[in-house]
Each structure stands twice: as C-alpha cells, then as structure tokens.
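Asker: Below you'll find the structure I mean.
Residue numbers (the working numbering): -12 to 299.
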C-alpha cells in the first residue's frame, strides 16, 4: 500500500481530488482545504495499492500539479483497512512485482549524483580490492565488491534507455567515468608510493594469483554473470523485495578490476591493465544491457497484466 500526499493550488485541487475519487483503487481519500502555505492551496491524502499507483500518478502529473505543487509517495509498512484490502484484491497484479516508475526514476537520479560520499566509497573499495589482489585474498575482494557504490549508476543506464531519459544517461556515464577514473588514478598513486617503500613487489602484481586471477581474465562467464547479476539487481531495485541486492554486489568484478588496473599502472604491467580494463568494460556493459532488457520486459508484462500500471 502507498500513501499519497498532494499539495495542490486551489485551481487544481478539485480536479486532483476528482481523479482520486473516480478511481476504484483509492481506498482512503481526504482533502484539507487551505492547509497549504507553501505553495498555497489544499492538501490531499490518499491510499492506493502499488499496482494502481502508476496510472493515478500519470493522471495527476497530467494536471500539472508537479509544476505548481508537489506529489509525495510513502510506503505504508503496516495498515489495517477492509477497504484497502478490498482495493488490493480488486486491482490486478501483485504489489511486490509492480514497478512504481516515479519511485524508481527518482532513486536513479539520486544514485547518479556525483557526491563526496560516492567518490569516497569508490576510492576505499578500490583500495581494498588492490590490497586483496596483492595478498591474493578472496575475502578482501568480496569486501571491496560489497563496499562499491557503482551498481546504482549502472542500473540507471538501463532505466535511461527504457524511459528515454538522455539526461539520466549522461549523469550515469559521467558518474561512472569520474568515479572509476579518479579511484583508479588515486589508487595507482598510492600503490606507486607503496612500491617505493618496498611494500609491494612486481611479482605480487604479475605473478600467479590462483584465488584472484579472475580479476584480469575476462571470458564468456564474465559476461554471463554480469547479465544475470544486472537482471537480478534491477529486479531488487524495482520490486518491494530488495533482499537480493547484496548478492549482486559480490557477483560482478567491477571494483576488483579497477583495483588491478591501478596496480598495473603503478608497475607498468600493461597486460594487467588491458585484461582488467576489458573485465571492467564487460561487466558494466553486461549489467547495463541486462538492466535495460529487464526493465523493458517488466514494462511490457505489467502493461498487459495490470491495466492500472500505466505506461510512462
């Protein structure tokens, strides 16, 4: 169940309330006249099942409320309502399978914002990955994978293609390029310093590493895992069941590949740089393509099975 709060100017409030009142999916509706101070107008509150949210939000946006007021969406964790239960039963589909496009799109814009915390996590994850490679430690590699913040931006690329949002695509590509590029260069610089102190030797970078050789050896399985992980990650982000997202983080070799690129640059081991760069490109491309295909399939399936799901 979702709770909608709508701040609407007086000239749009009646039309917005009419949209909600006319929908059989709305189980609770309240209008507080002249409750809004900024913007001035009315406050409208309504409860709707997730399955019906897209169509209702599309109709509210068509009124232009987002330009002069605001629409807020809250997940209701627990609710007790016979009318709400009846509305959920009457609306086709399952709430946990429904993609609320406004919710997913906002999350994508947040995940593609180039912030200090994003850059910090990228650097710290890449540093841990490079240490894991030097020590040939799978535990450190897994830790770096979980710490890396890059999946949100990768998933946003797929969403940008499905929703035809070139600005979102530009933000995602920029965030990934700046994030990985900065983390690799800074890690390479620190690795060069460690090399100068004698803490890291060339043999640790180019020698046999049976536990972490997958970092610089992309093959068909790298692409297959990236495709599967990308699809699983998008499903976790778009559904009400997000428990599988951590598994995605420890399935793909993006951050470890970046760490190995940094070590290769510090030691001039260009075959390591090439192999890991290819591994990084394969994983990002595979996840982005899988995300696009998964979202496109979800939109197609929902438009046929859930008439209230909306198309935009």
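Think of the CB as a built atom: it goes at the ideal place given N, C-alpha and C, for glycine as much as any other residue.
Looking at C-beta atoms only, is the number of pairs between the segment 270 to 290 and the segment 200 to 216 that lie closer than 8 Å three or more?
Answerer: Yes, since at least three Cβ pairs between the segment 270 to 290 and the segment 200 to 216 fall closer than 8 Å, the two stretches touch.
Asker: Out of 275, 5 and 107, point me to the one whose CA is closest to residue 32's CA.
Answerer: It is 5.
Asker: Report all residues from its chain with a CB closer than 6 Å to the CB of residue 163; omit the five preceding and five following residues, and keep chain order.
Answerer: Counting only Cβ-Cβ distances below 6 Å, and skipping sequence neighbours, we find 140.
Asker: Pick helix, strand or coil for residue 209, following the three-state DSSP scheme.
Answerer: Helix.
Asker: Check each candidate in 166, 179, 193 and 160 and name the one with the smallest Cα separation from residue 275.
Answerer: Among 166, 179, 193 and 160, the Cα nearest to that of residue 275 belongs to 160.
Asker: Is the beta carbon of residue 36 closer than 8 Å to that of residue 106?
Answerer: Cβ distance not < 8 Å, so residue 106 and residue 36 don't count as in contact.
Asker: What does residue -6 pair with, by DSSP beta-bridge criteria?
Answerer: Note: residue -6 sits in a beta bridge opposite 30 and 57.
Asker: Would you mind reading off the limits of the alpha helix (DSSP H) that contains residue -12?
Answerer: Element bounds for residue -12: n/a, residue is neither H nor E.
Asker: Is residue 63 helix, strand or coil by DSSP?
Answerer: Reduced to three states, the DSSP call for residue 63 is coil.
Asker: Let me check understanding here. Comparing Cα to Cα, which of 152, 12 and 242 lies closest to residue 88?
Answerer: Out of 152, 12 and 242, 152 has the C-alpha closest to the C-alpha of residue 88.
Asker: Roughly how many angstroms lie between the CA atoms of residue 3 and residue 145, to the nearest whole one?
Answerer: For residue 3 and residue 145, the distance between alpha carbons rounds to 32 Å.
Asker: Can you tell me whether residue 61 is buried or exposed, with buried defined as 16 or more other CB within 10 angstroms of its CB?
Answerer: Counting Cβ neighbours within 10 Å, residue 61 comes out exposed, since fewer than 16 surround it.
Asker: By the DSSP assignment, the beta strand (DSSP E) with residue 68 in it spans what residues?
Answerer: That residue, residue 68, is in no beta strand (DSSP E); it is neither H nor E in DSSP.
Asker: I'd like to check one pair, residue 117 with residue 246: are the Cβ atoms closer than 8 Å?
Answerer: Against a cut-off of 8 Å, the Cβ pair of residue 117 and residue 246 comes out as a contact.
Asker: Return the first residue and the last residue of the alpha helix (DSSP H) that residue 125 is part of.
Answerer: Per DSSP, residue 125 belongs to the alpha helix (DSSP H) from 125 to 134.
Asker: Which residues share a DSSP beta bridge with residue 15?
Answerer: Paired residue(s): 34.
Asker: Which residues mark the beginning and the end of the alpha helix (DSSP H) in which residue 193 is found?
Answerer: Its alpha helix (DSSP H) spans residues 189 to 193.
Asker: Would you mind stating whether residue 71 and residue 142 have Cβ atoms separated by less than 8 Å?
Answerer: The answer is no: Cβ separation not under 8 Å.
Asker: Nearest CA to the CA of residue 207: which residue from 253, 266 and -2?
Answerer: It is 266 whose Cα lies nearest to the Cα of residue 207.
Asker: At the level of alpha carbons, what is the spacing between residue 46 and residue 8?
Answerer: Answer to the nearest angstrom: the Cα atoms are 12 Å apart.
Asker: Span of the alpha helix (DSSP H) holding residue 90?
Answerer: Residues 88 to 98.
Asker: Using only CA atoms, which one of 249, 175 and 156 lies nearest to residue 96?
Answerer: Comparing Cα positions, the closest option is 156.
Asker: How far does the alpha helix (DSSP H) with residue 161 in it reach, from first residue to last?
Answerer: From DSSP, the alpha helix (DSSP H) with residue 161 extends over 153 to 183.
Asker: Using the Cα positions of residue 222 and residue 186, report the straight-line distance between them to the nearest angstrom.
Answerer: Each residue's Cα considered, the two are about 43 Å apart.
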